[in-house]
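Just so we're aligned, residue 462 is where the sequence shown starts under our numbering, counting upward by one.
Working notes, beginning with the structure itself.
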Amino acid sequence: MQVVVEIMSGTVFHLQVGDNATVQDMKIAIQNQENLPSDRLTLLLDRGYDHFPMLDDQKPLSEYGVQDGSRVHVFFRPLEEEASDDYTGDDEVMDTDRTESETVDERDDNSSNDDSSSSSPKSPCEETSVESPEYIDVSD
């Protein structure tokens, strides 16, 4: 059977698949014709106002109602984010002013003992006092 395939970029082409082809077979045919990674494709069958996701790769296209002349939309699943090598599982943002071995309690104790006359540089996030400008009343 011949199926009309539309990729989300707007590319439209015809694809010849067997009557007993599975969703996976169609994804591989799309991969071969358009050089797209089949493992990231999601197919939706266009049935007028309804769209049916074809999520089971082993299921025959005919079980989804795909027939000669059917239109299928192709979408991409996003790449899974790879965990960074230095991720420790601690969701708290590392404070650059403390060492890795310093605990939260130690940091809190140290910050409560901070002396305002210390010469350590202020981070951009620390609040500084700014005097507001004088305003002149011109309502005369």
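No residue lacks a Cβ here, since even glycine has one placed at the ideal position from N, Cα and C.
With a 10 Å radius around its C-beta and 16 neighbouring C-beta atoms as the bar for buried, classify Val473 as buried or exposed.
-> exposed
Return the residue from the list Asp500, Ser523, Asn493, Val484 that minimises the CA-CA distance to Phe537.
-> Asp500
Taking the alpha carbon of Val535 as the point to measure from, which residue in Ser523, Pro514, Thr503, Gln519 has its own alpha carbon closest?
-> Thr503
How many whole angstroms separate the CB atoms of His475 and Gln485, which I take to be in contact at a CB cut-off of 8 Å?
-> Incorrect: roughly 19 Å between the Cβ atoms, too far for contact.
Assign Leu506 to buried or exposed, taking buried as 16 or more other Cβ atoms, counted over all protein chains shown, within 10 Å of its Cβ.
-> buried
From Gly526, Leu497, Arg508, Asp518, residue whose alpha carbon lies closest to that of Met469 | Leu497
How long is the line joining the alpha carbons of Asn493 and Met487, rounded to whole angstroms?
-> 10 Å
Applying the criterion that 16 or more other CB atoms from any shown protein chain within 10 Å of the CB defines a buried residue, is Leu540 buried or exposed?
-> exposed
Taking the runs of the beta strand (DSSP E) that are 3 residues or longer, which of them lie wholly in the stretch 477-534?
-> 502-508, 511-515
Distance between Asp511 and Gly479 (C-alpha atoms, nearest Å) = 24 Å
Using 10 angstroms around the beta-carbon of Glu516, count the other beta-carbons present and answer buried if the total reaches 16, otherwise exposed.
-> Reading the sequence as shown, one finds Leu at residue 516 and not Glu. Leu516 should be labelled exposed.
Reference Glu495; option with closest CA among Asp529, Gly526, Val466, Gly530 = Val466
Under 8 Å by Cβ, that's how I've got Pro521 and Asn481 pegged, so tell me the actual separation to the nearest angstrom.
-> 6 Å
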